[in-house]
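Comments concern the structure below.
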Amino acid sequence: MDGLNDSVVSEFVLLGLSTSWGTKVFLTLTFSLLYVGIILGNLFIVFLVIADSHLHSPMYFLLANLSLIDVGLSTTAVPKMISDLLKEHEAISFQSCMTQICFIHIMGGVEMVLLIAMAFDRYIAICKPLHYLNIMSPKRCVSFVVIGWVTGVVHAMSQFAFVINLPFCGPNKVDSFYCDFPRIIKLACTDGAKFEFVVAANSGFMSMGTFFLLILSYVFILATVWKRSAGDLSKALVTLSAHITVVVLFFTPCIFLYMWPFPTSSLDKYLFIVDFAVTPVLNPVIYTLRNKDIKIAVQRLSKQECFVRTF
Numbered sequence: 001m002d003g004l005n006d007s008v009v010s011e012f013v014l015l016g017l018s019t020s021w022g023t024k025v026f027l028t029l030t031f032s033l034l035y036v037g038i039i040l041g042n043l044f045i046v047f048l049v050i051a052d053s054h055l056h057s058p059m060y061f062l063l064a065n066l067s068l069i070d071v072g073l074s075t076t077a078v079p080k081m082i083s084d085l086l087k088e089h090e091a092i093s094f095q096s097c098m099t100q101i102c103f104i105h106i107m108g109g110v111e112m113v114l115l116i117a118m119a120f121d122r123y124i125a126i127c128k129p130l131h132y133l134n135i136m137s138p139k140r141c142v143s144f145v146v147i148g149w150v151t152g153v154v155h156a157m158s159q160f161a162f163v164i165n166l167p168f169c170g171p172n173k174v175d176s177f178y179c180d181f182p183r184i185i186k187l188a189c190t191d192g193a194k195f196e197f198v199v200a201a202n203s204g205f206m207s208m209g210t211f212f213l214l215i216l217s218y219v220f221i222l223a224t225v226w227k228r229s230a231g232d233l234s235k236a237l238v239t240l241s242a243h244i245t246v247v248v249l250f251f252t253p254c255i256f257l258y259m260w261p262f263p264t265s266s267l268d269k270y271l272f273i274v275d276f277a278v279t280p281v282l283n284p285v286i287y288t289l290r291n292k293d294i295k296i297a298v299q300r301l302s303k304q305e306c307f308v309r310t311f
């Protein structure tokens, strides 16, 4: 990667979230607990979906993949943030910064496609239940995951190809706890207007477009249910409320940062805590709290464990 960029800057200094030692200790404990919750909660869902044959369905296949992506997305930023909170000099090398940016956008792209796939799954389940298994075949579900990864890689690399060749020869302080295109481009020793446009057009359009596509799909589902059930939307609202909550939480920071990619305030770094730490830890709760299949699967797992211990 050194050969691709003749930058004088060899590292970036992350200004982080706070300079107060007391606040840093509090944030360290908070984010450590959140990260443990992210790992345990999401990996438990993956394990449960694999272990319980009753959960071998399209919805839970997509949910397990979303859980893995949540773990990956959090791991790109949260461990580094936790370790930096206890350091005086919060630095990240140029290579590590570029790598972090790539993985954040790859994982983000995959998650967007998975959320679209899960919305499509709910549409078929609610509006075309008799054709559900034919439409949501295993081959189609795997295709969604493959498309997600291809989209994530193309999305990340299409921006990375511009940024990697920018000259960085002066300022190296990033007012955030992680690296991302908008703040890094601001530090380049060149006019970054065209690169700002690339980020806004790519990440901004993708975030906004996916968000409105998902909202429209939920409106269409609710309208269909309303027509078929004489105005009774309670069941559909219960089913879709989890998805809508995740979508709003995930896309609000993305739209704020990438549709206005070069803000004068540092509000976006606090908003992105939601994407890296809050949403991934809430997803296991949101998707399982009212889910009877998951609850029954947990009960079956508990009974099997008790049976094994007995003998």
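Using full-length UniProt numbering, you'd call the opening residue of the sequence shown number 1 and step up by one each time. Yeah, the Cβ is synthetic: ideal placement off N, Cα and C, and Gly gets one too. Computed from a predicted model, the values in this text were never measured in an experiment.
Under DSSP, ILE116 shares a beta bridge with no residue. Beta-bridge analysis with DSSP links ALA125 to no other residue.
Approximately 30 Å separates the beta-carbon atoms of PHE31 and ALA188; this is outside 8 Å, ruling out the contact. Counting C-beta pairs closer than 8 Å gives three or more between the region 11-28 and the region 72-91, which meets the contact rule. If you ignore the 5 residues before and after ILE255, its C-beta comes within less than 7 Å of the C-beta of SER207, MET208, PHE211, all in its own chain and listed in chain order. With contacts defined as CB atoms closer than 8 Å, PHE12 and ALA91 qualify as a contacting pair. A contact between stretches requires three or more CB pairs, one per stretch, nearer than 8 Å, and the region 114-126 meets this requirement with the region 57-66. Taking C-beta atoms as the reference points, VAL246 and ASN283 count as a pair closer than 8 Å. Residues ASN42, VAL46 of the same chain have their beta carbon placed closer than 8 Å to that of LEU68, with the five preceding and five following residues left out of the count.
Annotation for ILE45: no beta strand (DSSP E) segment contains it, though the alpha helix (DSSP H) segment containing it runs 21-51. Secondary structure of SER203 (DSSP, three-state): helix. A Cβ-Cβ distance of about 17 Å is found for the pair LEU240 and THR279, leaving them out of contact under the 8 Å criterion. In the structure shown, GLU90 adopts coil according to DSSP, grouped into three states.
Proximity to LEU85 across MET118, LEU27, MET98 peaks at LEU27, based on C-alpha coordinates. Under DSSP, GLU11 shares a beta bridge with SER93. Listed as beta-bridge partners of LYS173 by DSSP are VAL13. Each residue's CA atom was taken as its position, placing GLY152 and PHE103 some 9 Å apart. By the neighbour-count definition (other C-beta atoms within 10 Å, threshold 16), MET259 is an exposed residue. Nearest Cα to VAL146 within the set GLU111, LYS194, VAL71, ALA297: GLU111.
Under the DSSP assignment, LYS80 falls in the alpha helix (DSSP H) whose first and last residues are 78-85.
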